[in-house]
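These notes concern the structure reproduced below.
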Amino acid sequence: MRTFMIDVFLTVLLFEIGLSMSPYERIMKREAPQGLYSTSDHVAVLSSTNFHSSIFDQPTASFVEFYNSYCGACQRFSPTWKSLAKNVTKWKSFVTVAALDCATDENNDVCRQYEIMRYPTMRYFPPKYASGDKQLGVNLDHLLVPKSSKLLNELVGLLQNETNGGPNWPKFDKFDGEDWAEILNNVPSTVQYVYIIMDDLPETIPQQIVLDYANYDKIRTQIINSSNLKLLGDLTFRIGVIARSTGKFLPLSIHNESREAINIVIDEHMKYHNLITHTTPTYDIEASTEGNGLSETDKFYYEQAKEMSPMPLFRADLEQAIRNSLGHEVVQHSVIKGEHLSALRSFVSVLTRYYYYNNRSSYKKLLDFLMEPTRTEVGGAELQEFMNKLEPPIFHETRYVGCFSLKKGLRRFPCSLWSLFHHLTVKHLDSEHNDDPMEVLHAMHGYIKYFFGCTECSKHFQEMAKRNHIWNVTSKDQAVLWLWSSHNEVNNRLHGDMTEDENHPKIQFPLEEHCHVCRKKSGEWDKNEVLEFLRRHYGDAHISTLGLYEMMPNARMLNARARQIFAGDAHLNIGVLAYVVIIICLMIVAVRFYFRRGYRKKLYPHDLLGKV
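Heads up: the sequence shown is residues 1 to 612, going by UniProt numbering.
Set out below in structure tokens:
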């Protein structure tokens, strides 16, 4: 009896909590990616809540990476961005290295407003930058995915040419005078030493040294024109120092011409003269979150899915693919028109025809909206608003199950998108709706070309499609097999890559244990058997509903969800808490009333209306 009452209470509680926020809010809160950066990386983590306050009207510049946490190129680039941030920790008074994850739903508006169409995208925002229409920062798309040294030189160039820095901005001007004393006359009287840097050191090292020591009160750095023979005479040196106490110049010996070697010499000189009063800023080091932060529900579904062999196709993953594609990537575009709009219409069309679930009518409404005769474009914000109002909801409340990974940033959306298109090609094969063998592949190609957030992945797919003659597919059977073969090609290319999940290695699918007849004795694929296997594996009969909240398997899941809520996975506001307390109080009163013993006075009308 007690267990039953607890389960009833939890059911009512979860139902009431669920009513307090929309399906989209619940999804956004639960599915927010962890991102690729933290404060331990010396990278400022931006979001929609702090972006504008961190970027605009600030005394420092901002160097921002807009990235997509599931994008393989972004994952491979993240060590470079972290290296840059670590290299410029001494420059924090002048520039902040930051990052914003466009894979997070809450950041949709920011990424759309700043027209982020490829990942990673780097933007430079000058100090005292004013907000306003089309104030999008300095676009650095020409960098593509640069190495750390090139990125550092680019940033130095931007800081060197900055005109909004104010009076305390580092001075990069070269000295062309004829007397060392002039240098001392140009700095405050509190400065005891001026370190001299030759301008012909490699790359931007002279400017980097200026930035490294710009925060010290008692020293200055000065770049010298190496062709100034009147000043230099017969002197041959790379760096040196002028002491105010003597007014004389003293060359300093360095091991090599690297920034690190010069820093060592200057630091030792400063220590000797007790001048180091400013240290490199420290950061709070966060513990690694890899594998942590998983809810009880995540763990439950993950373990359940692992036990299934062969693993079925999970509708939860398919729903996530659609939610992330339509509800996230597509709506990040400020305006969708031309070939982009045609690609979107094709994508929604195949969903309307071949995704047979209880939200099919909403896909039809969405397609009608996009196909309006007078429509030549649609805004991302307009599209998002339209989809949010659809009934039944176009996105179901789900989580990743078969595509889930214990490691942040791995599998998830890319995995689910592959699953969705495999499913759609099989549904197309078994359907009589359209005999065009290219219908689903054309929609897939258009979506990946114009909307898929991983720029490098999109490029690779388009190159593979051309190489594998996608446009020569002449039957529905071939369409299913083309996608299977291409997926295996991608798996082969990415096997061993840092984006591979060791718990889910990229294999040549299917394994022999799942389809022993799919290979001939020679080891070659038997495509007839492969086709039959794919029809079974990606067909409706093999779809599992595990992971759909409206179909939670048992009370264990209910209790897991309750523990998850009380652990903080759902951020309950004060109003919700108050509502829960009221429900509890009402339940207590009801129980006490039910078990009450003794006299129960009969209620007459005059007890309510009064005697006449």
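Ideal Cβ positions, reconstructed from N, Cα and C, are used throughout, including at glycine.
Beta-carbon proximity check, residue i vs residue j, cutoff 9 Å
i: Pro127; j: Gly166; result: yes
i: Lys248; j: Trp180; result: yes
i: Met464; j: Val490; result: yes
i: Tyr357; j: His396; result: yes
i: Asn68; j: Ala103; result: yes
i: Tyr363; j: His428; result: no
i: Asp501; j: Ser431; result: no
i: Met438; j: Trp471; result: yes
i: Val97; j: Val43; result: yes
i: His495; j: Lys506; result: yes
i: residue 613; j: Thr297; result: Any question about residue 613 goes unanswered here, given that the chain covers just 1 to 612.
i: His537; j: Pro510; result: yes
i: residue 616; j: Ile219; result: Within the shown structure, residues of the chain are numbered from 1 to 612, placing residue 616 beyond reach of any answer.
i: Ser419; j: Ala321; result: yes
i: Val401; j: Gly539; result: no
i: Thr374; j: Leu341; result: no
i: Leu326; j: Ile394; result: yes
i: Phe125; j: Ser62; result: yes
i: Thr545; j: Arg315; result: yes
i: residue 622; j: Val480; result: Absent from the model: residue 622. The displayed extent of the chain is 1 to 612, so no value can be given.
Local conformation of residue i per DSSP, three classes
i: Phe172; result: coil
i: Ile224; result: strand
i: Asn108; result: helix
i: Ala243; result: strand
i: Glu65; result: strand
i: Lys602; result: For Lys602, the predicted structure reports a pLDDT of 47, less than 50, and the residue's modelled location is therefore unreliable. A value from the coordinates is still provided. It is coil, neither helix nor strand.
i: Ala44; result: strand
i: Gly568; result: Its pLDDT being 43, under 50, Gly568 is placed unreliably by the model, and the measurement read from it follows with that caveat. Of the three classes helix, strand and coil, the one that applies to Gly568 here is coil, per DSSP.
i: Tyr301; result: helix
i: His504; result: strand
i: Met198; result: strand
i: Phe314; result: strand
i: Ser544; result: strand
i: Glu357; result: First, the residue type needs correcting, since residue 357 is Tyr and not Glu in the sequence shown. In this structure, Tyr357 counts as coil in the three-state DSSP scheme.
i: Arg345; result: helix
i: Asn528; result: helix
i: Ile219; result: strand
i: Val210; result: helix
Euclidean distance between Cα positions of residue i and residue j
i: Tyr447; j: Asp176; result: 58 Å
i: Ser189; j: Leu84; result: 34 Å
i: Glu512; j: Asp526; result: 12 Å
i: Lys29; j: Asp217; result: With a pLDDT of only 45 at Lys29, under 50, the local geometry of the prediction cannot be trusted, and the value read off the model is given with reservation. If you take the alpha carbons of Lys29 and Asp217, they lie about 47 Å apart.
i: Ile197; j: Leu46; result: 36 Å
i: Lys134; j: Tyr114; result: 8 Å
i: Val95; j: Val88; result: 8 Å
i: Arg76; j: Leu36; result: 10 Å
i: Val348; j: Glu456; result: 24 Å
i: Lys271; j: Ala261; result: 16 Å
i: Gly78; j: Asp141; result: The question names Gly, but residue 78 in the sequence shown is Ser. Ser78 and Asp141: Cα-Cα distance of roughly 17 Å.
i: Pro59; j: Ser148; result: 25 Å
i: Leu367; j: Lys389; result: 14 Å
i: Leu54; j: Asp497; result: As written in the sequence, residue 54 is Ser, which differs from the Leu given in the question. Cα to Cα, Ser54 sits roughly 35 Å from Asp497.
i: Arg493; j: His504; result: 15 Å
i: Arg112; j: Val378; result: 13 Å
i: Val350; j: Phe51; result: 37 Å
i: Tyr129; j: Leu211; result: 21 Å
i: Leu370; j: Gly338; result: 12 Å
Host beta strand (DSSP E) of residue i (start-end)
i: Glu377; result: Glu377 to Gly379
i: Asp477; result: Where Asp477 is concerned, there is no enclosing beta strand (DSSP E), although the alpha helix (DSSP H) it sits in stretches over Lys476 to Leu494.
i: Asp101; result: Val95 to Asp101
i: Val335; result: Val335 to Lys337
i: Tyr124; result: Thr121 to Phe125
i: Leu406; result: Run containing Leu406: none; DSSP gives neither H nor E here.
i: Pro251; result: Phe249 to Leu252
Extent of the continuous alpha helix (DSSP H) run through residue i
i: Phe421; result: Phe413 to Leu429
i: Met444; result: Glu439 to Tyr450
i: Pro79; result: Gly72 to Asn87
i: Thr455; result: Thr455 to Arg467
i: Lys520; result: Run containing Lys520: none; DSSP gives neither H nor E here.
i: Met270; result: Arg259 to Tyr272
i: Lys128; result: Run containing Lys128: none; DSSP gives neither H nor E here.
Min CB distance residue i to chain D below 9 Å
i: Leu250; result: Looking for chain D here will not work: only one protein chain is present.
Worksheet item: Looking at C-beta atoms only, is the number of pairs between the region 243-255 and the region 187-206 that lie closer than 8 Å three or more?
Response: yes
Worksheet item: Are three or more beta carbon pairs between the region 413-427 and the region 296-307 nearer than 8 Å?
Response: no
Worksheet item: Do the region 330-338 and the region 378-385 meet, that is, are 3 or more Cβ pairs less than 8 Å apart?
Response: yes
Fill in: the region 527-537 contacting the region 468-485, beta-carbon criterion three pairs below 8 Å
yes
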